[in-house]
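Residue numbers (this note's numbering), protein chains in the order written: chain A, 1 to 254; chain B, 1001 to 1076; chain C, 2001 to 2060.
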Amino acid sequence: MYYINSPLDQFEMNTLLKFVTPFFDMSNLNITTFGLYIIIVLMVIVSLNILTTNNNTIIGSRWNLPLEMIYDTILNTTKGQIGGKLWGLYFPLIYTLFMFILIANLISLIPYSFALTAQIVFVISLSFIIWLGSTITGFNKHGWLFFSLFVPNGTPTPLVPLLVIIESLSYIARAFSLGLRLTCNILAGHLLMVILGGLLLNFININKLTLILGIIPFAMILAILCLEFAIAMIQSYVFATLTASYIKDSLYLH
Amino acid sequence: MQLVLAAKYIGAGISTIGLLGAGIGIAIVFAALINGVSRNPSLRETLFPMAILGFALSEATGLFCLMISFLLIYAV
Amino acid sequence: MMFPKRFSTPVLKVYWPFFISGVGIYALFGKFADLSANSKEFINDPRNPRFEKGGKYIEQ
């Protein structure tokens, strides 16, 4: 019988394929569980698109409808958040982020699979890249005028130093909070499922009466699983929306 | 050493109190959504994404507390 | 047949800040990972990749 010692065991990574090379150190290219699941996500997204295009005929297959609805939702979100003339240039980035996080979250909800977006280092570095990239975009576009982002319109003069400190702190905190929001949601959800599942297993194992009574908590856990599916979709939407709004801040300055 | 261990668990337990604020925040967001939709049902399409965004933002503050307690239990 | 259509989206012209920040963050986080792997807590951890290249136990 297989015991899980800590609920955090499900986030452990193992090396599946190892590069042993004499002269160069190629251990960066090792295929770990993480790499395997990245490849699976890529395969799922590519095969969804291949199924949709229907051998390059004009009319797509039945898969067309859901993919087109996702595309339309993200298009409208980007248009609403960024707006102006430049929103179309940033749409591919936001659609890619949304699709990747959505598929990774949904795959991680298959039992005994691996949660890509619960790896804190990965998601935090992703959000740092987005934050730094949008900051460089703003500096390139506006020069020193970019710092007017830290002073809201119509601030009384004595309040300006205080507000600049608060606004710049909140601007720096965005880099953490964007990634931490996604990864904490997924981490907390998966931990909750493991802990509740372990409790239910202990309860069912007592005797035959509790085996039958266990249906009630089992239904509750099923409801929580449905909530986890909703959270997986909502968090990917929120990540895409907030990325769009950060890019908008550096493109148009308020 | 036992005292440090006990303090660790007590700290992890106390840090979950912050979830109170997140619960109140989520309740306020959805109460405002119900209020707005019941006053003007035609605005439902525009109000719903904003409510979902507000829900996610206020839920994240509670999850930060949860993360602190996990850090205290497993990482300290 | 692999790439049936070419789209004229300006990728490098729009996304160069993100590529630069990607390289920078990769270097920064790699440095942090090395620092933490060589720190006092993890230098003798059995998961440390140092041991696969024939590293020895280090007394602190």
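Don't be surprised by glycine CBs; every beta carbon is placed ideally from N, CA and C.
Here the structure is a predicted model, which is why all the values come from computation and not from measurement.
Any Cβ of chain A closer than 8 Å to the Cβ of Gly2024/C would place that residue at the interface, and such an atom is present. Put simply, the region 72-90 of chain A touches the region 240-249 of chain A. At least three CB pairs are less than 8 Å apart.
Counted as a single uninterrupted DSSP element, the beta strand (DSSP E) harbouring Leu16/A occupies residues 15-17.
The contact set of Gly83/A on chain C, defined by CB atoms closer than 8 Å, is empty, because the minimum CB distance reaches about 16 Å. Annotated three-state conformation of Thr243/A is helix, per DSSP.
When secondary structure is reduced to three states using DSSP, Thr33/A falls in the helix class. Contact between the region 2004-2022 of chain C and the region 136-149 of chain A is present: three or more C-beta pairs spanning the two stretches fall below 8 Å. Taking the C-beta atoms as reference points, Leu116/A is found no nearer than 8 Å to Phe19/A. Taking the CA atoms as reference points, Gly1025/B sits about 20 Å from Ile186/A. By the neighbour-count criterion, in which 16 or more other beta carbons inside 10 Å mark a residue as buried, Gln1002/B falls on the exposed side. Its Cα nearest to that of Gly2022/C, the residue Thr135/A stands out among Leu200/A, Ile215/A, Thr135/A. For Pro2046/C, no CB of chain A lies under 8 Å from its own CB, so it is not counted at the interface with that chain. DSSP places Trp131/A inside the alpha helix (DSSP H), whose first and last residues are 120-142. Between the alpha carbons of Ile195/A and Gly143/A lies a gap of roughly 51 Å.
Fewer than three beta-carbon pairs drawn from the region 1010-1029 of chain B and the region 205-223 of chain A are found closer than 8 Å, and the two stretches are therefore not classed as touching. The C-beta of Asp249/A has 16 or more other C-beta atoms within 10 Å across all chains shown, which makes the residue buried. In this structure, the straight-line span from the alpha carbon of Lys2031/C to that of Phe100/A is close to 27 Å.
Contact annotation: the region 144-162 of chain A does not touch the region 92-107 of chain A, with fewer than three C-beta pairs closer than 8 Å. Taking C-beta atoms under 8 Å as the contact rule, Ala175/A and Ser127/A qualify, at a distance of about 6 Å. Annotation note: the region 193-224 of chain A contains the following uninterrupted alpha helix (DSSP H) runs of length 4 or greater, listed N- to C-terminal: 208-213. Where Asn105/A is concerned, the enclosing alpha helix (DSSP H) starts and stops at 87-108. With a threshold of 8 Å between beta carbons, Phe2018/C makes contact with chain A. DSSP places Lys2056/C in the coil class of the three-state scheme, outside both helix and strand.
Within chain B, no C-beta atom comes less than 8 Å from the C-beta of Arg174/A; the nearest is roughly 12 Å away.
Among the residues facing chain A, Tyr1009/B is not included, as its CB has no counterpart in that chain under 8 Å away.
Cβ neighbours of Ala244/A within its own chain (closer than 6 Å, five residues either side excluded): Thr78, Gln81, Ile82, Ile94. Ala1022/B and Pro111/A have their C-alpha atoms some 29 Å from each other.
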